[in-house]
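The structure appears right after this line, and notes come after that.
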Amino acid sequence: MNKLQQRFLNLSNKQQVLWVCVIFFLFVVMIYFSVWRALSEEREQLNQQYSVSKQRLTKVEQLAKEYKALNKAGSEGQAVQHVNLSKIADGSAANNQLLIKRYQPTANGGAQLRFENMVFENVIGWLYEMEVVHNISLQDISITNGREESLVNVSVRLSKSS
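The sequence shown: position 136 = 137 (my numbering), numbered continuously.
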């Protein structure tokens, strides 16, 4: 170190100033790039965290929409359960041009229904409406031929879905 210091002191004033400026410049450049690199890496890391957070927020918003839809559907389903099963069955049968021959309530809140000589397509439409639209389960079903072609006799046991 003494040799280096001695060499520096042997230089002219102009050369000493020049070397001090060069060393200072190099020091500033090293500090700048080391800080810039650290800040650049931190910025990249924050951008990645932002992207992940944005994706999570989008997922949470989507789940919230699904929750609201399911909650709304659940409350509508509960409202259906409180409606009298005989009114639902009767109204749905009328919509599908069916006439209930016999309606017998069961002990568990369900019902046994009998249709005679009804159009098969109308019966299928009614069954679909009861299960999908009104959320009423079909427990048992028996379909036999009616008096004429494309007419059927149907016995079905229904229960309210929970």
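Beta carbons: idealized from backbone N, C-alpha and C, even for Gly.
Predicted, not measured: the structure shown is a model, and the values here were computed from it.
Annotation note: the region 35 to 109 contains the following uninterrupted beta strand (DSSP E) runs of length 3 or greater, listed N- to C-terminal: 103 to 106.
With distances taken between CA atoms, residue 142 lies nearest to 127 out of 9, 85 and 127. Considered as a whole, the region 108 to 141 harbours 112 to 120 as its complete beta strand (DSSP E) runs of no fewer than 3 residues, in chain order.
Within the model, the alpha-carbon separation for residue 24 versus residue 15 is close to 14 Å.
Counting along the chain, the unbroken alpha helix (DSSP H) around residue 8 starts and ends at 3 to 11. Rounded to the nearest whole angstrom, the C-alpha separation of residue 90 and residue 155 is 14 Å. Shown here for residue 102: same chain residues with a beta carbon closer than 7 Å to its own, the five before and five after excluded, namely 115, 116 and 117 in chain order. Distance from the Cα of residue 21 is smallest, within the candidate group 40, 123, 108 and 6, for 6. Apart from the 5 residues on each side of it in sequence, residue 9 sits with its Cβ closer than 8 Å to the Cβ of 17 and 20 in its chain, given in chain order.
Counting along the chain, residue 148 sits inside no beta strand (DSSP E), nor does DSSP assign it H or E at all.
Counting the other Cβ atoms within 10 Å of the Cβ of residue 159 gives 16 or more, which makes it buried. Annotation for residue 105: 113 place their beta carbon closer than 6 Å to its own, counting only its chain and skipping 5 residues before and after.
Distances from the alpha-carbon of residue 133 to those of 111, 119, 99 and 93 put 93 closest. Residue 161 sits in a strand when the DSSP states are folded into three classes. Straight through space, the alpha carbons of residue 147 and residue 97 are spaced by roughly 18 Å.
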